[in-house]
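Asker:
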Amino acid sequence: MYKAFKLKIMTKTVVFLFITVFAMAQNKRLKSIETSFENLDFNERMLGLKKIEPSQLSNNDKALFYYLYGQTYYANSNGAAGLSYFMKANDIYKSQKNYDKVIEVNLIIVEIKRLTDYNYKDYKYLIDEAVDYAIKRNNIPLLCKTYKEIGNNLFDSDPSKAIDYYQKAILENKKVKDSFFEADVRSNIGLVYTEKIHNYKLARKFNALALDFYQKHHLNFDIACNYVNQADVLIKEKKYDSAMIMYKKAEALDIKDNNTNTRIILYGYMADLYKEMKNYKKALEYTDKQKVYQSLNDDNQQVKAIRDIDAKYKTKEHKDEIAWLKSLTKKGGAVIVFLIVLLILIFLGYKNLRKKKKIVEQEKLIQTQKLENVLQEQELHEIDKLLEGQEKERIKIANDLHDNLGSLLATLKLNFQSLKKQDVNNDDADNLFNKTDELIEEAYQKVRTIAHTKNAGVIANQGLLPAIRNIANKMNIPGKLAVEVIPFGLEERLENALEVTIFRMIQELLTNAIKHANATEISIHLTQHDDSLNIIIEDNGDGFNYKKIDKKDGMGLANIEKKVEQMGGVFTIDSTEKRGTSILIDIPL
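The opening residue of the sequence shown carries number 38 in this note's numbering; numbering runs sequentially from there.
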């Protein structure tokens, strides 16, 4: 009797300790997911949440669990699935009278309803409640979010009023200085100007303000959305090549959250644009890419269904194991302890094995990246040697012209001037002397100009921007030709060989605009971001059809395109006959 009683006490103690440890582990796991939530992708979030048993959580943590579940689905563009979890979280927050969280979740529900079939009037009461609550409680962040949501709801029906509410949100946000929120609102304002008001200049301004913040904080998803918005402006201006550059920049970004849906939308846009450009081969290629990601999305749904079935099976299996363990308690508590310890050891061993496997995979990836870097450095070294040789050759030619041909022409000029002073009555001879003198003077000045090019560019160590301004000033002819340089960034010097290459390319493009396009106005935009240099050269000249240009002609465009490609950049020409030319160059730094 005593032994049976002792065994019963021991069994209950072990079970109680196991439940306590399990509950603590659940709570710790939930907090870990909450802390790292923004840095996890959809699958990582789902995997972490599925390991948590909500019945073991306190009410506070249970509400947080449902809230994170809703956010996970919503961030993956599945508002319908997320809505049920938000409603569950809201019920718990209401029971606890946590009205801050109730209003916050209400705003998310408003956003989901706005993006589905609901009418604004059907849920406007939720927004009005949020405004009243935020003002009474002096909750500035909540008031900012609510004003932004009102603007979103007025986007289609009253764009001007939407902008007013966006500006109200920005004004209130000055009190809390949430830079990310302000960037998002500015992005929305840019979208209103693009889609509804059609003021593309202001659209570009607000897009640029938002992009600056996103790039500083490496927010790839937001940067991709911004590039798509910029492409939208360019498409409306019929600048299809420039728009495609923006799409490709968005495509090149590594996006963790919502990657699959982002690719589906982006590739759809790119396919449509290629159709508009009559490049049907590329349109088909991106349609196929879109289908691949759509199938991945379908696969995710299938995986979810399979996991649901698997979870049900494991629940049944778990119940069977509990019944089995209960039967074993009759034989002795030591067996239960042994099994629990064994399970813990198996779990730790499995976790350690996965960790080792992950380390091996990371080491392989590092070795691959090292090899790629070595190959890239070798290629860049060869290009640097080529550029250095070209520059030395230019200096040598300039010196030879200056020292040899220049001095010879100067001597000839003096000789002819001496001949002119002699008494010659023949008028024809005098005219001949005058013309010869003019030609020699012109040749002499040209030789000096060629010789001084070694001091007009980046070779004199003055930097890329001063060199471009210098050549622009020299090309300016009052009343005939205006060359404008518009820089942004460029606060630090670039690598010398790169500056030389860029200067030579711009010099060649300026010469083309003057010589072949008969331009009277040329603008040079130089914008340096953290990881790239963007160059736009626009002129009001005759324009041309680049596809019809013979690449063997002396315009040098093919050579420039090849140089840009060697540097890993993008070279785009947007030109229409009799409507000027825009040349865009994106070079990674």
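All residues carry an ideal CB built from backbone N, CA and C; glycine is no exception.
Hey, V522 and A509: beta-carbon distance below 8 Å or not?
Answerer: Yes, the Cβ-Cβ distance between V522 and A509 is below 8 Å.
Asker: Could you tell me which of Y104, A289, G516, Y162 sits nearest to F74, measuring between CA atoms?
Answerer: The shortest C-alpha separation from F74 is found at Y104.
Asker: Measuring only the C-alpha atoms, how far is A289 from Q331?
Answerer: Spanning the two alpha carbons is a distance of roughly 19 Å.
Asker: Identify the residues that DSSP records as bridge partners of T618: which are they?
Answerer: T618 is bridged to D576, S612.
Asker: Given a threshold of 16 other Cβ atoms within 10 Å of its Cβ, counted over all protein chains shown, does T109 qualify as buried or as exposed?
Answerer: It is buried - the Cβ of T109 has at least 16 other Cβ atoms within 10 Å.
Asker: Could you check what DSSP says for N582 in three-state terms: helix, strand or coil?
Answerer: Residue state, collapsed to three classes: coil.
Asker: Buried or exposed, going by whether 16 or more other CB atoms sit within 10 Å of the CB of M124?
Answerer: Answer is exposed; the Cβ neighbour count stays below 16.
Asker: Quick check on this structure: which residue in A550, T538, N533, M542 has the alpha carbon closest to the alpha carbon of N513?
Answerer: When each option's Cα is compared against that of N513, the closest is A550.
Asker: Am I right that G580 and S560 are in contact with their C-beta atoms under 8 Å? What's the rounded C-beta distance?
Answerer: About 15 Å; that fails the 8 Å criterion.
Asker: How big is the Cα-Cα spacing for K599 and M283?
Answerer: Taking the straight line from one Cα to the other gives about 20 Å.
Asker: With the cut-off set at 8 Å, would you say R223 and N190 are in Cβ contact?
Answerer: No, Cβ-Cβ distance for R223 and N190 is not below 8 Å.
Asker: Do Y583 and I610 count as a contact pair if the criterion is CB distance below 8 Å?
Answerer: Taking 8 Å as the Cβ cut-off, I610 and Y583 qualify as a contacting pair.
Asker: In whole angstroms, what separates the C-alpha of R616 from that of R541?
Answerer: In a straight line, the C-alpha of R616 is about 26 Å away from that of R541.
Asker: Keeping to the same chain, check which residues put their C-beta closer than 7 Å to that of I207; ignore five residues upstream and five downstream.
Answerer: Only E219, V222 meet the Cβ criterion.
Asker: Does DSSP put N156 in a helix, in a strand, or in coil?
Answerer: Coil at N156, not helix or strand.
Asker: Any idea which residues DSSP pairs S569 with across the strands?
Answerer: The partner list for S569 (beta bridge, DSSP) reads P625.
Asker: Measuring CA to CA, which of I129, Q133, C181, K134 is closest to L144?
Answerer: Nearest C-alpha to L144: C181.
Asker: By how many angstroms is the C-alpha of D291 removed from the C-alpha of N298?
Answerer: Rounded to whole angstroms, N298 to D291 spans 13 Å at the Cα level.
Asker: Taking all protein chains shown into account, decide if R391 is buried (16 or more other Cβ within 10 angstroms of its Cβ) or exposed.
Answerer: Flag for R391 reads exposed.
Asker: Taking all protein chains shown into account, decide if E532 is buried (16 or more other Cβ within 10 angstroms of its Cβ) or exposed.
Answerer: The residue in question, E532, is exposed, as its Cβ has fewer than 16 Cβ neighbours within 10 Å.
Asker: Identify, in the order they occur along the chain, each residue of the same chain with its Cβ nearer than 6 Å to the Cβ of S619, setting aside the five sequence neighbours on each side.
Answerer: Closer than 6 Å at the Cβ level, and outside the excluded window around S619, lie E575, D611.
Asker: So, under 8 Å CB-CB, A245 and A287 are touching, yes? Tell me the CB distance rounded to an integer number of Å.
Answerer: About 16 Å; that fails the 8 Å criterion.
Asker: Hey, quick one: how far does the alpha helix (DSSP H) through A519 stretch, first residue to last?
Answerer: Counting along the chain, A519 falls outside any alpha helix (DSSP H), though it belongs to the beta strand (DSSP E) covering 519-525.
Asker: Given a threshold of 16 other Cβ atoms within 10 Å of its Cβ, counted over all protein chains shown, does I226 qualify as buried or as exposed?
Answerer: Buried, since its Cβ has 16 or more Cβ neighbours within 10 Å.
Asker: What is the rounded straight-line gap between the Cα of V270 and the Cα of R66?
Answerer: Approximately 45 Å, taken between the alpha carbons.
Asker: Give the single residue among Y237, L527, N257 whose Cα lies nearest to the Cα of K275.
Answerer: That would be Y237, whose Cα lies nearest to the Cα of K275.
Asker: Between Y251 and I572, what straight-line distance do the alpha-carbon atoms span, to the nearest angstrom?
Answerer: So the alpha carbons of these two residues sit roughly 21 Å apart.
Asker: Alpha carbon to alpha carbon, what distance is there between A199 and N135?
Answerer: Cα to Cα, the separation comes out at about 30 Å.
Asker: Taking the alpha-carbon positions, what's the L256 to F217 distance?
Answerer: Cα-Cα distance, rounded: 10 Å.
Asker: Whole-angstrom Cβ separation of I142 and A126, contact assumed at under 8 Å?
Answerer: The residue you asked about is not Ile; residue 142 is Val in the sequence shown. Correct: roughly 6 Å between the Cβ atoms.
Asker: The ligand MN heavy atoms versus the CB of L191: any closer than 7 Å?
Answerer: The ligand MN is absent from the structure shown, which contains no ligands of any kind.
Asker: Using the Cα positions of L594 and K161, report the straight-line distance between them to the nearest angstrom.
Answerer: Their backbone Cα atoms lie some 57 Å apart in a straight line.
Asker: Between which two residues does the alpha helix (DSSP H) containing V213 stretch?
Answerer: Run containing V213: none; DSSP gives neither H nor E here.
Asker: Using DSSP with H/G/I as helix, E/B as strand and the rest coil, what is L77?
Answerer: The answer is coil: DSSP assigns L77 none of H, G, I, E or B.
Asker: Return the CA-CA distance between D169 and K158, expressed in angstroms with no decimal places.
Answerer: D169 and K158: Cα-Cα distance of roughly 17 Å.
Asker: Could you tell me the alpha carbon to alpha carbon distance between I272 and L626, rounded to whole angstroms?
Answerer: If you take the alpha carbons of I272 and L626, they lie about 27 Å apart.
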